[in-house]
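Undergrad: Sequence order for the protein chains is A and B. Under this note's numbering, the first residue of the first sequence carries the number 1, and numbering increases by one thereafter. Under this note's numbering, the first residue of the second sequence carries the number 571, and numbering increases by one thereafter. Yeah, the Cβ is synthetic: ideal placement off N, Cα and C, and Gly gets one too.
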Amino acid sequence: MSELFANISPALPIIIAGLIAAVVPNNLVRKVLALGAPVVAGLCWYSLDIGHYGVVEFGGFTLETLRYDGLSRIWSLIFIIAAFLNGIYGLHEKDRVTDAAGLIYAGGALGAVFAGDLMTLFLFWEVTAISSVFLIWSARNKAATKAGLRYLAIHVLSGVLLLTGAVIHASETGSWAFEHIGLDTLGGFLIFIAFGIKCAFPFLHNWLQDAYPKATVVGTVILSAFTTKMAVYALARGFAGEDSLIYIGAIMTIFPVFFAVVENDLRKVLSYSLNNQLGFMVVGIGIGTELAINGAAAHAFVHILYKGLLFMSMGAVLMRVGTVKASELGGLFKSMPATAVFCLVGSASISAFPLFSGFVAKSMILAAVAQDGHWLVWLALVFASAGVLEHSGIKIPFFAFFSHDRGHRVREAPVNMLMAMGLGALLCIYLGVNYGKLYDLLPFQNAIYQPYTFDHVVGQMQLLIGAIFAFALLLKIGAYPEEKRSVNLDTDWLYRRFGDGLARWAWLMIDRLSAAAGNAWGRLMSGIGGRLYQVFSPMGALSRDIPSGMLAIWTSALLAIVLIIAYFSA
Amino acid sequence: MSQKPSKKDDLIHPLARPFLWLEADWFKASLVWVFGLLTVGLAAIDFVHHRHEYLEFAQMPGFYALFGFGSFVLAVMGGWFIIRRFLGRDENYWDGEAGDE
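#1: Taking the C-alpha atoms as reference points, what is the distance between serine 548 of chain A and glycine 87 of chain A?
#2: Which residue from A:Thr164, A:Thr65, A:Arg523 and A:Ala139 puts its Cα closest to that of lysine 94 of chain A?
#3: Name the two residues that bound the continuous alpha helix (DSSP H) containing leucine 63 of chain A.
#4: Could you check what DSSP says for lysine 395 of chain A in three-state terms: helix, strand or coil?
#5: Along the chain, where does the beta strand (DSSP E) that runs through threonine 54 of chain A open and close?
#6: Could you tell me whether the Cβ of proline 481 of chain A comes closer than 9 Å to any Cβ of chain B?
#7: State the start and end residues of the unbroken alpha helix (DSSP H) segment that holds arginine 504 of chain A.
#8: Could you tell me whether the region 125 to 134 of chain A touches the region 32 to 50 of chain A, using the rule of 3 or more Cβ pairs below 8 Å?
#9: Can you check DSSP and say which residues form a bridge with alanine 613 of chain B?
#10: What are the uninterrupted segments assigned as alpha helix (DSSP H) that are 4 or more residues long and contained completely in the region 63 to 132 of chain A, given in chain order?
#11: Could you list which residues in chain B have their beta carbon closer than 7 Å to that of aspartate 455 of chain A, in chain order?
#12: Consider the Cβ of phenylalanine 617 of chain B: report whether some Cβ of chain A lies at a distance smaller than 9 Å.
#13: Of the choices A:Ser486, A:Ile465, A:Leu441 and A:Ala106, whose alpha-carbon is the least far from that of phenylalanine 226 of chain A?
#14: Is the distance from the Cβ of isoleucine 287 of chain A to the Cβ of valine 410 of chain A below 9 Å?
#15: With 9 Å as the threshold, decide whether the Cβ of serine 486 of chain A is near any Cβ in chain E.
#16: Tell me where the alpha helix (DSSP H) around valine 487 of chain A begins and ends.
#17: Using a beta-carbon distance below 9 Å, is aspartate 595 of chain B in contact with chain A?
#18: Does the beta-carbon of histidine 572 of chain A have 16 or more other beta-carbons within 10 angstroms, so that it is buried, or is it exposed?
#19: My output table needs one value for serine 548 of chain A: the three-state DSSP class, helix, strand or coil.
#20: Between the region 225 to 241 of chain A and the region 186 to 202 of chain A, are three or more C-beta pairs nearer than 8 Å?
#21: Quick one: what's aspartate 265 of chain A bridged to in DSSP?
#22: Is any beta-carbon of chain B found at less than 9 Å from that of methionine 461 of chain A?
#23: For the region 602 to 614 of chain B, enumerate the residues whose C-beta is nearer than 7 Å to any C-beta of chain A, in chain order.
#24: Which first and last residues belong to the alpha helix (DSSP H) in which arginine 659 of chain B is found?
#25: Which residues share a DSSP beta bridge with alanine 177 of chain A?
#26: Helix or strand or just coil, what does DSSP make of aspartate 421 of chain A?
#27: Take tryptophan 375 of chain A and list the residues in its own chain whose beta-carbon comes closer than 7 Å to its own, dropping the five residues that flank it on each side.
#28: Is the separation between the beta-carbon of leucine 590 of chain B and that of lysine 334 of chain A shorter than 9 Å?
#29: Using a Cβ-Cβ cut-off of 9 Å, state whether alanine 515 of chain A counts as contacting chain B.
#30: Assess, as a yes-or-no matter, whether the region 619 to 639 of chain B is touched by the region 458 to 465 of chain A under the definition of 3 or more beta carbon pairs within less than 8 Å.
#31: For arginine 504 of chain A, which residues in chain B fall below 9 Å Cβ to Cβ?
#32: Taking Cβ-Cβ distances shorter than 9 Å, what residues in chain B pair up with serine 335 of chain A?
#33: Distance cutoff 9 Å, beta carbons only. Does tryptophan 664 of chain B sit that close to anything in chain A?
#34: Rank A:Gly373, A:Leu103, A:Leu245 and A:Val218 by C-alpha distance to the C-alpha of leucine 309 of chain A and give the top, closest one.
#35: Just how far apart, CA to CA, sit aspartate 243 of chain A and isoleucine 285 of chain A?
#36: Is alanine 137 of chain A close to chain B, meaning its C-beta is less than 9 Å from at least one C-beta of that chain?
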């Protein structure tokens, strides 16, 4: 049995299932594919031995499509589990686009995790970008369409930077291998920014809070699992131990806390929370020790589960009530008690209560930071831990299921949604109790960590109970901000208002200028065309150094055109 | 979609009925006392048991309880007085795109 699946990339069955789902009109067949493909991928994963497989010659490149080592092992497993849970969660939905896009997206993320070279990484990087946007567009409303275009533009930009950086990096180092890259070269810097966009670095983050809450109920759950964690994996592979990541990550943990406190859309609150959690992982990668990388990997693993669980619970609320605005919700535990319990499990896990999965993962990063002597960053992370409790541990369940009863009397979530949430909740508790199973998957088995010490349990309970006491006190004295229908400006203002206005003005000026200078412009373009031919043609200067430089440059140019079109369309 | 809002007891899920006391006034009023006492109790453990930490200042008795309380208040006040005051806008600011319904 195991030989049947030996050395087959787990990405393959999921992508193939997605392509089939795209053309199959029968809903039942698509649902069988949605559940069956992750199972087959799981069997492929189980049959793999540590090593390098799937080497393919393509367009002058040697693509390594299946690198299976300690790092890709844990990431690929959680992606497969997430794809399976998402498949269950979406069983009730009859939407061919979501079914197909969800599978291709999950397969693309798996392919990126297994990529042994930068060109393979780029190909799967783009597969995830293009397939995932359909999960946003599937909401089929004006806001989702516009947000999807903005999302696509930003993610294509990430792809352009990755490819350009990879070309330069390859020319500088003579290798396309996806190993440690570092920030010593221009190519490395561009790749770093490309990863940073997908990882939602500060000022590059707002695509996440813009797009995720506008996707479909199922789409948001799927989106929450893959893109950002794929980027975290890429950072762990290419930039482990990079000091700047420590500070970038620390900022990522802090600023979303303040936005989440006053955000009214609970799926947007979870998107800020996701940003905050990514910060912990980025700090771990920046520290770069074995314990820190283990912590980042463990945190990514459990985070996908509990964040997915929280998005699932809010998706169920959105489906039944028609809104996830905190100002419109409350008292839903009377109608959706099982969903409320699963949400509370997710909240306890993300808040890192003992016996829940977050407790055994996040503390590894904090310990690694403290061991490394970064006391200020450590304080930032402890502050952010209290912040996590505020927005994901208390605000989400409190305003949705408790607080003021708004009189919504709705049905409990569909059985398939409850099953997916139940399995997710079970895993959150199982990994929090039987943490050895999680630690066995970590890339560095020599970095031993013991989460359940008396000191750690007491310290963590002090932090959490002290924060809950603050919440209860602020609520009692009326010093907790009421939920109100509003939006908060973020960095998206720069391109949705300022940039948009600037671009429209510039476009108008260029239009007038080009009309006035018609013939001169034509001659200029002709001259530039000739120069470009001399540089980029098969006999051109760039093609001499890199066999496929022409292909890569043209791909960059085409992607840049797509980026510009998508930006102005939004 | 939501049914017509109603508070009739017969529409409450059977599994939720044993937990309706969660909405009782006595329960809500007691929360601040319960968590206050728990916080003090957990902090008091540090006076009888010396916690070992990588960073010396974190060994101060009640450090995490104080830091958790202070961080929570700072997060709430920061969000309220900075983000909402300076960056908060009407829900229809983005051409009415904020709706999820």
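TA: Based on what the coordinates show:
#1: Only weak support is given to the placement of serine 548 of chain A: the predicted model assigns it a pLDDT of 47, under 50, and the question is left unresolved by the model.
#2: A:Ala139
#3: Here leucine 63 of chain A belongs to no alpha helix (DSSP H); instead the beta strand (DSSP E) covers 61 to 68.
#4: Look at lysine 395 of chain A here: in three-state DSSP terms it is helix.
#5: In the sequence as presented, threonine is not what sits at residue 54 of chain A; that position holds glycine. Its beta strand (DSSP E) spans residues 51 to 58.
#6: yes
#7: It spans 499 to 516 - the alpha helix (DSSP H) in which arginine 504 of chain A sits, taken as one unbroken run.
#8: no
#9: Answer by DSSP bridge pairing: none, since alanine 613 of chain B is not bridged.
#10: 70 to 89 and 96 to 114
#11: Arg621 and His622
#12: no
#13: A:Ala106
#14: no
#15: In the structure shown, chain E cannot be found, because the protein chains are A and B.
#16: That residue, valine 487 of chain A, is in no alpha helix (DSSP H); its beta strand (DSSP E) goes 486 to 488.
#17: no
#18: Chain A is shown only over 1 to 570; residue 572 of chain A falls outside these bounds and no answer can be derived.
#19: Interpretation of serine 548 of chain A is limited by its pLDDT of 47, a score under 50 that renders its predicted location unreliable; no figure is taken from the coordinates.
#20: yes
#21: A:Lys325
#22: yes
#23: Val602, Phe605, Gly606, Leu608, Thr609, Leu612 and Ala613
#24: Not the alpha helix (DSSP H): arginine 659 of chain B falls in the beta strand (DSSP E), residues 658 to 660.
#25: A:Asp117
#26: One point to set straight first is that residue 421 of chain A is methionine, not aspartate, in the sequence displayed. Helix, per DSSP.
#27: Around tryptophan 375 of chain A: no qualifying Cβ.
#28: Yes. Within cutoff.
#29: no
#30: yes
#31: Near arginine 504 of chain A there are no residues of chain B at all, since even the closest Cβ is about 15 Å away, more than 9 Å.
#32: Leu581, Ile582, His583 and Ala586
#33: yes
#34: Taking only the C-alpha atoms, the option nearest leucine 309 of chain A is A:Val218.
#35: Distance between the alpha carbons of aspartate 243 of chain A and isoleucine 285 of chain A is about 9 Å.
#36: Correcting the residue type first, residue 137 of chain A is tryptophan in the shown sequence and not alanine. False, the Cβ-Cβ gap to chain B never drops below 9 Å.
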